[in-house]
Each structure stands twice: as structure tokens, then as C-alpha cells.
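Enquirer: Pasting a structure below so you can have a look.
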Amino acid sequence: MIGLCLGLAGAVWAMLPLPAFTLAWTHSIEKIRWEEDYQVSPAGLVILSARVRGTGAGMEIPEGAILRDGAWHYPVRLPPLQPLRVGRTPQAGDYEICIEGECHALSRWLGPPDAAQPSLELWSCET
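Residue numbers (the working numbering): 1 to 127.
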């Protein structure tokens, strides 16, 4: 089964057997929630859509976005990401993985963000 691996430089710290997920976070300065929907495929993580719940400095709404249910929804057209690299520090807060509407901070699987390890990679892998 294909799933989501979390780690760095190919070292797996956690593995989640799931076909799709939402990556969510709150902007560290503007305190606005962002969400991106991904499908896990053998080629990598395929971003299907994204939404943001407001605007702020350096956070313009993407062209073609539609306001629905309090968030700006917009399509994203990128090739599969393999890996997807994200920053993860105590100052910025933690990302969340949402599965079927239930969200959990990455700290559930990885422990709290650590300034000594400021980045993380997510990629598709066989579980």
C-alpha cells in the first residue's frame, strides 16, 4: 500500500498509510489558516486544491480564487512533489495533517517542532 512518509534526507521518521490528506497550517505572522489537499501517488504528492481563510502582508489571494464557506479556494497546477519540503520550528508553530476531516498536529507522530531540526520532508512511499 502507498502512504505518506515523514522524515528528512530519505530517513523515515513516521509512515502514515493513507491515500490522501490535507496539509494545514496557520501563518506565523498573520494568524491565517492555509490548507492544501494532496493525493498520494507513486509519482509523488499531487496537490489537488488549496484554500486560505484571508489575506495579509505578502499573502495575496491567487488569481481565479473563489470565496466559498469563508475561504478562498483555488486550484494548484504543479507536477507531483517528491519530496515536499516544509519548515518546522517552534516559533512558527506546527503543521497539521487532516484525514477525512480530522486534523492532528505533526507533533502527534514526530514530537514538537525543534529549532535544531528546522525542516521536514513529506513524500509518497510504500508502507
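C-beta: ideal position from N, C-alpha, C; glycine also.
#1: Would you call the CB atoms of Leu18 and Gly3 closer than 8 angstroms?
#2: Can you check DSSP and say which residues form a bridge with Tyr74?
#3: Have a look at Val40 and Ser124 and give me their C-alpha separation to the nearest angstrom.
#4: Have a look at the DSSP bridge pairing and note the partners of Gly3.
#5: Quick one, which of Gly64, Ile99 and Ala115 has its alpha-carbon nearest Ala92's?
Expert: Concretely, from the data shown:
#1: yes
#2: Ala50
#3: Using only the alpha carbons, I get a separation of about 6 angstroms.
#4: Cys125
#5: Distance check between Ala92 and each of Gly64, Ile99 and Ala115 places Ala115 closest, using alpha-carbon atoms only.
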